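Data block below; observations after.
Residue numbers (my numbering): 112 to 602.
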């Protein structure tokens with residue numbers, strides 16, 4: 112097939128074959144090559160405008176391409192096809208970059224190279240006077256991060272500015288101190304004192320009964336908004352028995368029933384009706400009365416117990432105020448007796464302790480008593496410690512073996528009990544005999560405690576091993592006193 116040599120052909124020639132099925136040949140019978148338009152004379156096969164007509168294959172946009180890739184000005188949608196002329200298709204509105212003969216742009220990279228991170232700005236360089244003027248804003252946390260960094264860096268090198276910054280920060284703390292939504296425990300006392308100074312009462316409440324009056328009012332304020340759910344919230348009572356922690360589970364209503372039953376001891380001593388009535392046991396101890404009240408109730412205590420308890424507290428305060436008693440009347444606790452003024456202080460102490468138990472159960476804050484009332488409670492416990500030590504000695508529970516025989520009223524070995532805080536003070540506890548006299552010259556040990564912490568120890572809420580913040584001296588004597596303080600607790 113030597114005569115059928117394949118020759119390359121352009122798009123224009125290929126388009127001519129597809130359209131007419133013939134080739135443009137010269138008079139000699141040979142194929143005439145298609146060339147770009149030139150300046151030769153127009154012939155019968157040339158267009159009317161003097162340029163050679165070229166038919167191109169229908170592309171995506173269709174249409175005829177003129178010289179240089181432009182469109183024929185005579186071609187358009189309104190032009191009609193004449194005889195012997197095919198229908199002309201309008202050219203595309205935009206020409207392709209491939210038709211211009213120019214090189215195509217380089218393809219964009221698949222991913223941009225990561226740019227270098229901007230360098231971090233350096234610390235601010237401020238003058239001393241500017242940094243000093245920023246201390247107030249720094250204390251209020253109102254500086255920008257850059258200013259804060261500059262000020263804090265300066266404080267590490269300038270002692271005067273560091274002292275001023277510390278003073279300003281403390282002042283801001285006083286201005287923005289968080290306040291509790293609860294009223295100050297001393298607010299009621301201050302209001303009453305102011306009112307009584309302006310208008311003295313005809314029948315004043317004795318000083319030794321004021322703590323009980325205040326603590327029962329505080330607990331009643333906590334209870335007044337309780338719903339049924341809160342009244343049945345579980346409460347765990349804690350105390351120490353035989354030098355071991357003991358607990359008893361009850362409810363908020365059960366705690367108020369316990370206070371009502373034990374307050375009945377004071378009511379009976381004053382000649383008031385006993386809240387237990389026929390349920391009162393033969394042995395009138397606080398624990399026995401509480402158990403009898405709980406067992407004798409037809410149903411578990413509910414919120415209805417609040418009314419009788421509050422009425423009894425009012426009656427007790429009113430009675431001790433009207434009688435004008437000095438508070439020396441004995442009140443029996445079953446195994447021992449307390450004077451009326453100490454019994455009322457004891458009832459105030461237990462009301463506060465169980466108020467904390469209730470507040471803890473319902474997750475509500477409850478502050479300690481005022482300093483004056485707290486001091487009276489600590490003083491009562493300190494005065495009871497020698498008798499408790501003697502009872503433990505007789506029961507064989509004493510640890511120390513250094514006891515000496517001391518005549519009544521004579522000085523003997525002593526332990527200094529230092530109570531810190533608003534209700535604080537110092538007490539010398541005789542160790543050899545309850546009739547002995549505490550003496551600083553015979554001091555063998557020293558204990559330092561916070562006032563509320565010591566009261567919680569006496570209530571059995573803190574173990575003796577965890578109570579003392581500071582201990583110096585005879586370890587056995589210290590242990591004896593701490594265990595004696597915890598053994599004063601009861602249900």
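Heads up, the beta-carbon is just placed ideally off N, CA and C, and yes, glycines get one too. Note that this is a predicted model, so its numbers are computed, not measured.
Residue from the options whose Cα sits closest to the Cα of residue i
i: residue 273; options: 250, 255 and 554; result: 250
i: residue 383; options: 421, 430, 414 and 341; result: 430
i: residue 423; options: 244, 331 and 576; result: 331
i: residue 567; options: 501, 389, 348 and 514; result: 348
i: residue 517; options: 344, 543, 563 and 350; result: 543
i: residue 583; options: 415, 529 and 270; result: 529
i: residue 462; options: 447, 303, 484 and 449; result: 484
i: residue 521; options: 490, 510, 553 and 531; result: 553
i: residue 586; options: 536, 545, 242 and 510; result: 510
i: residue 503; options: 470, 551, 595 and 546; result: 595
i: residue 407; options: 413, 390 and 419; result: 390
i: residue 600; options: 479, 560 and 357; result: 357
i: residue 359; options: 326, 378, 381 and 401; result: 401
i: residue 506; options: 531, 572, 550 and 353; result: 353
i: residue 343; options: 602, 469, 508 and 598; result: 469
Which of helix, strand or coil DSSP assigns to residue i
i: residue 358; result: strand
i: residue 482; result: helix
i: residue 541; result: strand
i: residue 507; result: coil
i: residue 411; result: coil
i: residue 175; result: With a pLDDT of only 40 at residue 175, under the threshold of 50, the placement of this residue in the model should not be trusted; the figure read from the coordinates follows. Correct three-state label for residue 175: coil.
i: residue 336; result: coil
i: residue 442; result: strand
i: residue 435; result: coil
i: residue 564; result: helix
i: residue 513; result: coil
i: residue 323; result: helix
i: residue 348; result: strand
i: residue 57; result: Only positions 112 to 602 of the chain appear in the structure, and residue 57 is not among them; the question remains open.
i: residue 452; result: helix
i: residue 559; result: strand
i: residue 551; result: strand
i: residue 575; result: helix
Contacts around residue i, its chain only, beta-carbon distance under 7 Å, and the 5 residues preceding and following it disregarded
i: residue 417; result: 334 and 367
i: residue 146; result: In this predicted model, residue 146 has a pLDDT of only 43, less than 50, meaning its place in the structure is not dependable; the value taken from the coordinates is given anyway. Closer than 7 Å at the Cβ level, and outside the excluded window around residue 146, lies no residue.
i: residue 588; result: 511, 526, 542, 555 and 556
Exposure of residue i, with buried meaning 16 or more beta-carbon neighbours within 10 Å
i: residue 495; result: buried
i: residue 541; result: buried
i: residue 425; result: exposed
i: residue 524; result: buried
i: residue 302; result: exposed
i: residue 281; result: exposed
i: residue 329; result: buried
i: residue 499; result: buried
i: residue 306; result: exposed
i: residue 415; result: exposed
i: residue 255; result: exposed
i: residue 591; result: buried
i: residue 298; result: exposed
i: residue 466; result: buried
i: residue 410; result: exposed
i: residue 270; result: exposed
Sequence-distant residues of its chain with Cβ nearer than 8 Å to residue i (five each side left out)
i: residue 394; result: 445
i: residue 450; result: 438, 439, 440, 441 and 442
i: residue 548; result: 520, 521, 522, 523 and 541
i: residue 341; result: 363 and 473
Spatial neighbours of residue i in its chain, beta-carbon cut-off 6 Å, leaving aside the 5 residues before and after
i: residue 284; result: none
i: residue 257; result: 235
i: residue 365; result: 412
i: residue 460; result: 488
i: residue 501; result: 545
Open item on the list: Taking 8 Å as the cut-off, does the segment 431 to 438 touch the segment 305 to 319 (at least 3 CB pairs, one atom from each stretch)?
Closed with: At 8 Å Cβ cutoff, the stretches touch.
Open item on the list: Pairs of beta-carbons, one from the segment 256 to 267 and one from the segment 237 to 245, closer than 8 Å: are there three or more?
Closed with: Yes, the segment 256 to 267 is in contact with the segment 237 to 245.
Open item on the list: I'd like to know if the segment 393 to 407 and the segment 370 to 381 are in contact, where contact means that at least 3 CB-CB pairs between them fall below 8 Å.
Closed with: As far as the Cβ criterion goes, the segment 393 to 407 touches the segment 370 to 381, which means the pair count is three or higher.
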